[in-house]
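S.K.:
Chains as they are written, first to last, in this note's numbering: chain H, 1 to 420; chain G, 421 to 558.
1. Using a Cβ-Cβ cutoff of 8 Å, what residues of the segment 25-51 of chain H are near chain G? List them in chain order.
2. Are the CB atoms of residue 185(H) and residue 145(H) within a distance shorter than 7 Å?
3. Tell me, which residues are paired with residue 249(H) by DSSP?
4. Using a beta-carbon distance below 7 Å, is residue 472(G) in contact with chain H?
5. Excluding the 5 residues preceding and the 5 following residue 286(H) in the sequence, name in chain order all residues of the same chain whose CB lies nearer than 8 Å to its CB.
6. With a CB to CB cut of under 7 Å and the five nearest residues on each side skipped, what residues in its chain are close to residue 307(H)?
7. Identify the continuous alpha helix (DSSP H) that holds residue 510(G) and give its terminal residues.
8. In this structure, does DSSP put residue 30(H) in helix, strand or coil?
9. Determine the DSSP secondary structure at residue 160(H), reduced to helix, strand or coil.
10. Hey, which unbroken runs of the alpha helix (DSSP H) at 4 residues or more fall wholly within the segment 323-390 of chain H?
11. What ranges does the beta strand (DSSP E) occupy inside the segment 89-173 of chain H, keeping only unbroken runs of at least 3 residues that lie completely in it?
12. Within the continuous beta strand (DSSP E) that includes residue 47(H), where are the two ends?
13. For chain G, find out if any of its Cβ atoms is closer than 7 Å to the Cβ of residue 146(H); answer yes or no.
14. Would residue 304(H) pass as a contact of residue 119(H) if the rule is Cβ separation under 7 Å?
15. Below 7 Å between beta carbons is the criterion; list the residues of the segment 479-498 of chain G that meet it against any residue of chain H, in chain order.
16. On a Cα-Cα basis, can you pick out the residue from 402(H), 302(H) and 246(H) that is closest to residue 483(G)?
17. Assign residue 437(G) to one of three DSSP states: helix, strand, or coil.
18. Looking at the C-beta of residue 461(G), does it have a partner C-beta in chain H at a distance below 7 Å?
19. For residue 284(H) and residue 328(H), what's the separation of their Cα atoms in angstroms?
20. Suppose you measure from the CA of residue 197(H) to the CA of residue 165(H); what does that come to, to the nearest Å?
21. Expressed to the nearest angstrom, what Euclidean distance is found between the alpha-carbon atoms of residue 75(H) and residue 47(H)?
22. Return the chain-ordered list of same chain residues with a C-beta closer than 7 Å to the C-beta of residue 114(H), the five sequence neighbours on each side being excluded.
23. Buried or exposed: which applies to residue 5(H), given that a residue is buried once 16 or more other Cβ atoms fall within 10 Å of its Cβ?
24. So which of 310(H), 357(H) and 64(H) has the shortest CA-CA distance to residue 26(H)?
Following this line, the structure appears as structure tokens:
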């Protein structure tokens, strides 16, 4: 039986206006689905509903906007369906661009922060440990819960905005301490330090863990290196693409997992699987669907390229030129590009021949021309989705491999550490 | 054979159709083409199979949050499955049905089964779903 607060009831009955009534009616039905008996407050939201797909996503956004919807908590926005300034350089159709821009405007009207990024945790909207939030976007959910220790359920598009408008979520799932305990123990067995230091390691591990975890909360034991934030970002994106992981624990790395006991909250694992170097090699191989003979485009930035990644890329490309046959595209947000320009790391990347698409990505905006058939990327998320969504084939490699391949105009990969 | 399986009506409704059953989770974003009603995730065993109008039995959603939005588009376009059967209650599928009812007065049943009951379902069999979440097998 649902117990609603007086304010919840007032919203539901329309006493706060039609938009909170609409949002609350959805939220109450969803609370029953989650098995919650009450709602609770959040202090932040991130909206994945911004992604334009077609008339339904647009009608939903414009319905809310026309009801006068305003968000009740600070709310960041995920990627949109169009790069408003750059779409004409690509294969985006004008009708798509116009409708995607209308959907952007609808969400901006609700008083949101126009971050337009799938890496909101790398903006001023980054939440803090223990903060109750309602986030959409699978990679961001996994990162916020696991790497930061903020608390969000795995929220779908269309519900994230209802939470933001009401400032409320069902009191259930990953908002509650007892539901954050690990369930599946994944032990790295004799995985060498050299492999763990490889820049592809965390993306590959994430892809593998996603396929093993089913609906369980995985706990990874045996990491002996200290991953950079962007490596944990790559892990989060990979694990939430091949799987449904919304929270993972990494012993000695993530904040709720200083020890196995802490990660499992003193309980025994429900099941355990060992991960070997051979498993990781197979997972890395699975991320490559191209035969390596051709290369049309290098694509970086899923999740969106960060300032640290721009800074890492700049010296690799300084004074070099990408091969004229190979496009080199980075997807990021307008705010991050401004930061990179200010830090002085953007110019060598542009001089290299890189193009930068803002506020969207190749998966969310139909921008690639049909002649782009083979991609190379260091993103497991791009590697996972591009073959199905874009009918392209993909080679997965490190950032260094991607740069070298772009220069030479053919796929080159340094695989020594993977073959050792 | 069990003729009637008792499930939980996560979103209540009636449907009848041919079962399409998979043991592998599915993301509808990057996994379902709402223009054709076809499963397109090349990592998935049902890649290339049309699910529109069938009763899709999939243990749970995985991957993108946009799964719900893709499913809403499919309802609007008339290419959605007639119903979805899962193991635990899946919020992504349920929400699509709830919002489709609000926006287009067109919901579809979402039923959750125990894993053992879910394992009984077979692709190709005729199923009918009642408002109380009962699944009748022809």
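By construction, the Cβ of each residue, glycine as well, lies at the ideal position given by its N, Cα and C atoms.
Predicted model, so just to flag it, every value in this text is computed and none were measured.
M.R.: For this structure:
1. 25, 26, 29, 30, 33, 34, 35, 48, 49 and 51
2. no
3. 219(H)
4. no
5. Spatial neighbours of residue 286(H) in its own chain (CB-CB distance under 8 Å, excluding positions within 5 residues in sequence) are listed in chain order as 207.
6. Excluding residues within five positions, the ones whose Cβ falls inside 7 Å are 336, 339, 340 and 343.
7. No alpha helix (DSSP H) contains residue 510(G), which DSSP labels as neither H nor E.
8. helix
9. helix
10. 334-342, 347-352 and 380-390
11. 168-170
12. 45-47
13. Taking Cβ atoms only, chain G never reaches closer than 7 Å to residue 146(H), which makes this a no.
14. A contact, by the Cβ cut-off of 7 Å.
15. 480, 481, 482, 483, 484, 485, 486, 487, 488, 489, 490, 492, 493 and 496
16. 246(H)
17. strand
18. So yes, residue 461(G) belongs to the interface.
19. 22 Å
20. 43 Å
21. 7 Å
22. 77 and 108
23. Here residue 5(H) is exposed. Its C-beta has fewer than 16 other C-beta atoms within 10 Å.
24. 64(H)
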